[in-house]
Amino acid sequence: MTETVGERDPAQPAAEPKPAVRLPAVHLLLAAPACQPLVARYGREQTVAALREVLAGLRTALLAGSAADTSDDAVLAALAARLAAANQPALRRLFNLTGTVLHTNLGRALLPDVAVQAVADALRWPMNLEWDLETGKRGDRDTLVEQHLLKLTGAEAVTIVNNNAAAVLLMLNTLASGREVIVSRGELVEIGGAFRIPDVMTRAGATLREVGATNRTHLRDYADGINAATALLMKVHASNYAITGFTSEVKLPELAPLARERNIPVVVDLGSGTLVDLEKYGLPHETTVRETIDGGADLVTFSGDKLLGGPQCGIIAGRRDLVEAIKANPLKRALRVGKLTLAALEPVLALYHAPDLLPERLTTLRLLTRSASAMRALAERLCGPMQQALGDAYAVSPEPMTSQIGSGALPVDVLPSFGLALRAAAIAGQPRRGDPLGVLERRLRALPVPVVGRIAGDTLWLDLRCLEAPQAEEFERQLAHLAPARGPGA
Ligand SMILES: *Cc1c(COP(=O)(O)O)cnc(C)c1O
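Quick note: the sequence shown uses our numbering, first residue 159, plus one each step.
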């Protein structure tokens with residue numbers, strides 16, 4: 159099954175012939191039984207194109223004098239690998255062993271199966287997305303989750319948009335365009351990924367009026383800042399930092415009476431926005447949406463995929479007249495959520511009506527409340543197989559570590575956790591060479607289901623908080639692919 163492909167130019171004298179390169183013929187390879195599953199899976203055109211690329215690569219290698227395997231089996235194996243690589247989805251699942259449960263770069267909240275099923279149905283079926291089944295008339299997509307949210311937050315009305323950044327933008331644009339918004343200098347937050355309160359304010363067409371100092375703001379600072387142009391008083395949750403030391407913040411219950419007296423709405427960007435008191439589940443307290451509404455906020459904005467544990471979205475909850483104004487803003491149409499988001503959000507919100515069962519059913523809460531002893535047992539079980547897979551270039555040990563909630567929730571609180579600590583083994587009498595942890599980190603990332611840990615100091619930490627039972631088995635099985643091909647200095 160070969161044809162001869164030389165690069166011989168007939169115009170050249172034959173004195174110095176290039177060595178002929180013998181490669182299997184395309185049409186014969188395509189007819190080979192081993193090629194049929196590839197044609198069936200990837201289609202004929204794609205398979206032929208990839209085959210030509212594989213052969214071209216081989217030809218180049220052979221002409222350069224390297225000893226490439228040109229057997230049919232080798233060519234077809236290379237073809238299968240090439241097609242698989244080209245068809246690998248860009249968005250892939252992975253094991254998040256960073257210890258950050260709500261990791262923005264890794265997709266934040268993981269959703270429970272009820273939400274997964276609802277999304278699958280919404281993908282397959284027509285839905286009453288904006289269709290009132292009782293009246294048979296056009297409906298409003300926000301009403302699908304409204305009753306749940308009103309009950310859970312105590313708000314009069316809600317509306318849902320694409321994310322919390324959109325919620326803040328839409329709220330400010332609707333209620334403060336061309337006017338001023340008073341914010342404490344201690345709350346001019348920047349969230350990762352270019353969300354900055356001053357920039358959002360500008361884009362919304364509002365003017366930021368900073369009051370107070372970075373560490374201390376008093377009620378009189380707000381009072382002195384109010385003028386005829388003031389549209390809103392705004393508080394922003396310090397999601398990813400804490401100001402400590404000589405500090406003073408005006409709490410909402412203190413600010414709200416001033417806002418009411420001057421007839422100016424007070425709005426709060428809560429960021430994470432939990433719907434339940436996390437203290438009940440042994441976690442640090444985080445102000446709930448209900449507490450914020452009860453504390454006098456006219457509007458609250460928060461994310462759907464942080465502590466709430468749902469899909470990416472932004473929720474605006476509060477006074478009916480203000481929510482109606484927001485819904486009438488043409489920007490709302492541009493920022494509205496799709497049916498998949500609402501399909502996922504509704505069953506997640508429904509879980510909150512059984513708060514006693516929430517730590518079992520809501521994935522985010524289950525991961526956050528997982529006991530260190532469960533993770534310790536898993537670390538002890540996985541330590542041996544991991545050590546075996548890595549060989550003696552690394553030392554593996556089960557160790558305590560700390561997880562973070564992530565996504566700006568409770569930034570200074572950490573949760574006691576357990577996992578595997580991986581360190582480059584010291585080889586007696588030899589100086590350590592290269593970047594062994596960097597090499598290991600890349601090997602973990604190259605696994606069929608990539609593993610993402612966290613390097614700190616001389617250790618690569620694999621926090622097992624987010625590795626639950628079924629995935630733990632899969633994790634263990636794929637350790638075989640880690641078998642050390644090269645030493646850590648390679
Ligand atoms: C996370 C956060 C945002 C942005 O929310 P997204 O849902 O990521 O758009 C805005 N404000 C605060 C205080 C936050 O913590």
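Where is the CB? At the ideal position from N, CA and C, for every residue including glycine.
Practice item. Would you list the one or two residues that DSSP bridges to Ser565? Key: Residue numbering aside, residue 565 sits at position 407 when the sequence shown is read from its first letter. Answer by DSSP bridge pairing: none, since Ser565 is not bridged.
Check your understanding: With burial defined as no fewer than 16 other Cβ atoms inside 10 Å of the residue's Cβ, what is the status of Ile613: buried or exposed?
Key -> By one-based count along the sequence shown, residue 613 stands at place 455. Exposed is the call here.
Review point. What residues in its chain sit with their C-beta under 6 Å from that of Thr432, if we drop five residues either side in the sequence?
Key: The residue given as residue 432 occupies position 274 in the sequence shown. Answer for Thr432: Glu444, Thr446 and Leu465, listed in chain order.
Practice item. Kindly indicate which residue of Thr311, Gly294, Leu310 and Ala315 has the alpha-carbon position closest to the one of Thr301. Key: Start at 1 with the first residue of the sequence shown, and residue 301 comes out as number 143. It is Ala315 whose Cα lies nearest to the Cα of Thr301.
Exercise for review: Spatial neighbours of Arg210 within its chain, please: CB distance less than 7 Å, with the 5 preceding and 5 following residues excluded, ordered by chain position.
Suggested key: As a working mapping, residue 210 is identified with position 52 in the sequence shown. Here the set comprises Val184.
Review point. How many Å lie between Gly294 and Trp283 at the Cα?
Key: As a position in the sequence shown, residue 294 is number 136, starting the count at 1. As a position in the sequence shown, residue 283 is number 125, starting the count at 1. Their backbone Cα atoms lie some 18 Å apart in a straight line.
Review point. So Pro195 is in the alpha helix (DSSP H); what residue range does that whole segment cover?
Key: Looking up residue 195 in the sequence shown gives position 37. Note, Pro195: alpha helix (DSSP H), Gln194 to Tyr200.
Practice item. Can you grab the Cα-Cα spacing for the pair Gly462 / Glu345, in whole Å? Key: For this step, residue 462 is matched to residue 304 along the sequence shown. For this step, residue 345 is matched to residue 187 along the sequence shown. Whole-angstrom Cα-Cα distance: 21 Å.
Review point. Can we count Ile474 as close to ligand 1, meaning its CB is less than 7 Å from some heavy atom?
Key: The residue given as residue 474 occupies position 316 in the sequence shown. Checking the Cβ of Ile474 against ligand 1 gives no.
Review point. Beta strand (DSSP E) containing Ile384: first to last residue?
Key: What you label residue 384 is simply residue 226 of the sequence shown in a count that begins at 1. Counting along the chain, Ile384 falls outside any beta strand (DSSP E), and DSSP gives it neither H nor E.
Check your understanding: Leaving out the 5 sequence neighbours to the left and right, which residues in its chain are closer than 8 Å to Ala208 when beta-carbon positions are compared?
Key -> By one-based count along the sequence shown, residue 208 stands at place 50. Same-chain partners within the cutoff: Tyr200, Leu237, Arg240, Leu241 and Ala244.
Point to revise | Cβ neighbour criterion (16 or more within 10 Å) applied to Cys624 | key: As a first step, residue 624 is located in the sequence shown; it is residue number 466 there, counting from the start. So Cys624 ends up on the buried side.
Review point. For Val163, which of helix, strand or coil comes out of DSSP?
Key: Along the sequence shown, one-based indexing puts residue 163 at 5. Caution applies to Val163, whose pLDDT of 49 falls short of 50 and renders its modelled position unreliable; the value that the coordinates give is listed next. Three-state result, Val163: strand.
Point to revise | Reduced DSSP secondary structure (H/G/I, E/B, other) of Lys497 | key: Indexing the sequence shown from 1 puts residue 497 at position 339. It is helical.
Check your understanding: Starting from Glu407 and walking both ways along the alpha helix (DSSP H), at which residues does that stretch end?
Key -> Within the sequence shown, numbered from 1, the residue matching residue 407 stands at position 249. Element bounds for Glu407: n/a, residue is neither H nor E.
Review point. Is there at least one non-hydrogen atom of ligand 1 closer than 7 Å to the beta-carbon of Ser461?
Key: As a position in the sequence shown, residue 461 is number 303, starting the count at 1. Yes, Cβ of Ser461 sits closer than 7 Å to a heavy atom of ligand 1.
**Study point:** Contact test: Gly344 Cβ vs ligand 1 heavy atom, cutoff 7 Å
**Key:** For the purposes of this step, residue 344 is taken as the residue at position 186 of the sequence shown. Gly344 Cβ: outside cutoff for every heavy atom of ligand 1.
Check your understanding: Distance, Cα to Cα, Ala396 vs Ile474?
Key -> Residue numbering aside, residue 396 sits at position 238 when the sequence shown is read from its first letter. Residue numbering aside, residue 474 sits at position 316 when the sequence shown is read from its first letter. Taking the straight line from one Cα to the other gives about 18 Å.
Exercise for review: Indicate, with yes or no, if ligand 1 has a heavy atom lying under 7 Å from the CB of Ile563.
Suggested key: For the purposes of this step, residue 563 is taken as the residue at position 405 of the sequence shown. Not under cutoff, so the answer is no.
Review point. By the 10 Å Cβ neighbour count, where 16 or more other Cβ atoms means buried, how is Asn263 classified, buried or exposed?
Key: Counted from its first residue, the sequence shown places residue 263 at position 105. Under this definition Asn263 is an exposed residue.
Exercise for review: Take the Cβ of Gln629 as the centre, count every other Cβ of all protein chains shown within 10 Å, and call the residue buried at 16 or more, exposed below.
Suggested key: Position 471 of the sequence shown, counted from the start, is the residue given in the question as residue 629. Exposed is the call here.
Practice item. Rank Ala582, Arg378, Pro411 and Arg418 by C-alpha distance to the C-alpha of Ala389 and give the top, closest one. Key: For the purposes of this step, residue 389 is identified with residue 231 of the sequence shown, where counting begins at 1. If we check each option's Cα against that of Ala389, Arg418 comes out closest.
**Study point:** CB of Thr459 within 8 Å of CB of Leu428, strictly
**Key:** Residue mapping note: residue 459 aligns to position 301 of the sequence shown, counting from 1. Residue mapping note: residue 428 aligns to position 270 of the sequence shown, counting from 1. In contact: Thr459 and Leu428 (Cβ atoms closer than 8 Å).
Check your understanding: If we ignore side chains and look at the alpha-carbon of each, how far apart do Gln636 and Val607 end up?
Key -> As a first step, residue 636 must be located in the sequence shown, where it is residue number 478. As a first step, residue 607 must be located in the sequence shown, where it is residue number 449. Answer to the nearest angstrom: the Cα atoms are 8 Å apart.
Review point. Bridge partners of Phe576, per DSSP?
Key: Within the sequence shown, numbered from 1, the residue matching residue 576 stands at position 418. In the DSSP output, where bridge partners are listed per residue, Phe576 has Pro558.
Practice item. Determine which residues share a DSSP beta bridge with Ala614 and list them. Key: For the purposes of this step, residue 614 is identified with residue 456 of the sequence shown, where counting begins at 1. Paired residue(s): Thr617.
Point to revise | Reference Ala483, options Asn286, Val394, Pro556 and Ser335, closest by Cα | key: To locate residue 483, count along the sequence shown from 1; it is residue 325. Of the listed residues, the one whose Cα sits closest to Ala483 is Ser335.
Review point. What are the partner residues of Trp289, as DSSP defines its beta bridges?
Key: Here residue 289 corresponds to residue number 131 of the sequence shown, with the count starting at 1. Bridge partners of Trp289: Arg296.
Review point. Is any heavy atom in ligand 1 found nearer than 7 Å to the beta carbon of Asp514?
Key: In the sequence shown, residue 514 corresponds to position 356, counting from 1. No.
Review point. For the alpha helix (DSSP H) that contains Pro594, what are its first and last residues?
Key: Locating residue 594 in the sequence shown gives position 436, counting from the first residue. Here the alpha helix (DSSP H) through Pro594 covers Pro594 to Arg603.
Check your understanding: Taking Cβ positions, are Gly468 and Leu269 nearer each other than 8 Å?
Key -> For the purposes of this step, residue 468 is identified with residue 310 of the sequence shown, where counting begins at 1. For the purposes of this step, residue 269 is identified with residue 111 of the sequence shown, where counting begins at 1. Yes; because the gap between Cβ atoms is below 8 Å, this pair is in contact.
Point to revise | Reference Gly370; option with closest CA among Leu598, Asp357, Pro411 and Glu407 | key: If you number the sequence shown from 1, residue 370 lands on position 212. It is Glu407 whose Cα lies nearest to the Cα of Gly370.
Check your understanding: Touching or not, the segment 326 to 342 and the segment 353 to 373, by the rule of three or more beta carbon pairs under 8 Å?
Key -> yes
Exercise for review: Give the secondary structure of Tyr439 by DSSP, where H, G and I count as helix, E and B as strand, and everything else as coil.
Suggested key: Working through the sequence shown from its first residue, we reach residue 439 at position 281. Three-state result, Tyr439: helix.
Review point. Is DSSP giving Arg581 helix, strand or coil here?
Key: Locating residue 581 in the sequence shown gives position 423, where the first residue counts as 1. DSSP places Arg581 in strand when its eight states are reduced to three.
Point to revise | Inter-stretch contact at 8 Å, needing at least 3 Cβ pairs: the segment 486 to 504 / the segment 451 to 458 | key: no
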